[in-house]
Each structure stands twice: as structure tokens, then as C-alpha cells.
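In our numbering, the protein residues as written are 11 to 347.
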């Protein structure tokens, strides 16, 4: 005999299908991936056919300058499940991911890269893990096919740092292939390079997060859009989300602590200058070291606090006005609802 929860889930699924809501939304940011799009879509089509679920496919063209958009138009003409969002310029992967999330209608959301390094066949395994009771299932490129020094080593170090600071233990935050229940993303707002931290946001909101190994293929066509500099951006974004999570409602803890430290250093510097004056007869104006230390420390504190304050103001600006971080030039296939 089926339980009440199973019956409720079945009724909800039937209701969603009657309303035209697909079971699954797969969305892919695209930037100059013309040679990969047709073979990728063929693999994605085969993977979705094996699932036996209703699905939609959303391609987000993030300001491509090659023939990617024309290929996406052809794919949309031939596949009624496909919708294409064309952004006005290249906003970056986080904005493209946000556009995909905003446009999706499925009960389960699956982002993935368009460079054919993710394997669409792994979607089935992600969904199976999701059905075990998890809200977020993250892919782990355990056998990653990238250069060790410039890609794998920085990624490993960054992942360990992120796991340590956030408390969410994942091996591979950078893997785009994930599966989310829609409700797990209800309150997520994306900025900067924050898309890779969605599991952290979801976990802090109470979602159950896990990961499974997925396949990773070497890039054979097109050029990589990632570099070593992204690692430093990720670390800065991590500092931001940690601050927002821990101190957004009590920033005085940070500002006050830094203020106390500044006052402490000022006091010590003043005492040191007085001691030198009394014991060695050194004139205050003849030793620039106390002044230099105070000025440099004050500048460092000001820059750090202004940066954190700016982050808070930017988030308030976006969230209070519901202002998107991207602008759409064209929508293709959205009339098919």
C-alpha cells in the first residue's frame, strides 16, 4: 500500500504535467561553442529519451561572437523542447546560470556546461541520487581531464578551502553538472562568480546536499574560457558569501572588532612613542615608524570595510528592486508553452 507522501507526490506530478510543467529543466550557458553544440544536443537528446520524463532544454547564449546563435536557432526549430535565451552581451557564467534558472519551469533543475566535458548520460544517476531524499546532488569530476598545474591543482586547493570555510564538504564545487529540486533554489540570488556556491546557499537554508562521481571528458573542440585568475576571484567571492551569511544582520561584529583592533594598535603605538621619548629622548617628529604603521593599518581597515559595505549595498540594490544581473536581447521558442 502506498503511503500518503507517495500519493501526494504522484498527485502533484500529475497536476504539474496537466499544467504544462515539465519534470526536468536542463539549462546550459553557451559562449562561443559553435562546434560543440550539435553533437552535445544529440547526446543530451539521447540521455533525456532514456529517462522517460518530460523535459525542457534551455540554452543561454552569453554574448557569443561565433556562429553559436545560428546553430541554437536551428536546434530550436527542430526540437520543440528547446528554448534559447540570447543575452545582449557576455555577462559571465553566473549571470547566464541565473537567466537559465529564471526561465526554467521544471520541478528539477539540471545545469551543465556546453563544452562537451560534462556527460549528459550522468543526468540519470544524479536524478536517482536525488530520489533518495536529497535536495541537491553535485557532480564530482574525480577523474578530471584537465591540465594539472593550471586547472586541477588550483581547483583542489580552492575546493578544500571552500569546504573548510563553508562547512559544506564537497570535492568539486566547480563542476557545473548538478541536480536541484526547484524549492532548494527558491531564495538563491546570484552575483559575481557565485554560481559555484549554490550548494552552500542551499545547505545553509536547510537543503540536504550530497555529491556523486561523474564522468569528465577532455575538451576536443573550441577553447577553454577558464584561467588561473578565476581561482583568486572564487576566493574573494567566498569571503563575501561567508561575510553575508555570518554578519549580514550583525555587521557591527566585524566593524566593531576591526575598530577595536585599530584603537589597540593606536594605543600601543602611542605608548611606544612615549616610552622612546622618556627613555631615549627620541622626538616624536624624528621617528616616522609609528605614524607609518598607523596610517598603513588605517588604510587597510578602510579598504576592507568599504569593500564589505559595498557588497552589502550592491545586494540591497539588486534584491530590493528585483533588478536582474543580465539583459535579454531575444527569446526563441518561448511561445511553445
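All residues carry an ideal CB built from backbone N, CA and C; glycine is no exception.
Query raised in the report: So does the region 84-102 actually touch the region 54-66, counting three or more Cβ pairs closer than 8 Å?
Result: yes
Query - Proximity to residue 336 [Cα-Cα], best of 36, 77, 107 - result: 107
**Report entry** Sheet register partners of residue 42 (DSSP bridge)
**Finding:** None, per the DSSP bridge assignment.
Requested in this report: Just tell me which of 289, 96, 180, 87 has its CA closest to the CA of residue 218.
Outcome: 180
Query raised in the report: In terms of DSSP beta bridges, what is residue 342 paired with?
Result: 94
Requested in this report: Figure out for me which residue from 199, 112, 155, 244 has the closest Cα to the Cα of residue 167.
Outcome: 244
Requested in this report: Leaving out five residues on either side along the sequence, give the residues of the same chain with a beta carbon under 7 Å from the beta carbon of residue 50.
Outcome: 124, 126
Report task. Please classify residue 188: is it buried, with 16 or more other beta-carbons within 10 angstroms of its beta-carbon, or exposed? Result -> buried
Requested in this report: Can you give me the start and stop residues for the beta strand (DSSP E) that residue 148 sits inside?
Outcome: 146-150
**Report entry** Integer Cβ distance of residue 96 from residue 79, believed to fall under 8 Å
**Finding:** 6 Å
Query raised in the report: With DSSP run on the structure shown, which of helix, strand or coil describes residue 360?
Result: Absent from the structure is residue 360, since the part of the chain shown begins at 11 and ends at 347.
Query - residue 144 vs residue 220 beta-carbon contact at 8 Å - result: yes
Query raised in the report: Are the beta-carbon atoms of residue 38 and residue 69 separated by less than 8 Å?
Result: yes
Requested in this report: Taking only the alpha-carbon atoms, compute the straight-line gap between residue 276 and residue 117 and give it to the nearest angstrom.
Outcome: 57 Å
Query raised in the report: residue 250 to residue 290, Cα distance in whole Å?
Result: 46 Å
Query raised in the report: Which residue from 32, 31, 81 puts its Cα closest to that of residue 379?
Result: The question about residue 379 has no answer here: the residues shown for the chain are numbered 11 through 347.
**Report entry** Euclidean distance between Cα positions of residue 339 and residue 98
**Finding:** 5 Å
Query raised in the report: For residue 134, does the three-state DSSP call read helix, strand or coil?
Result: helix
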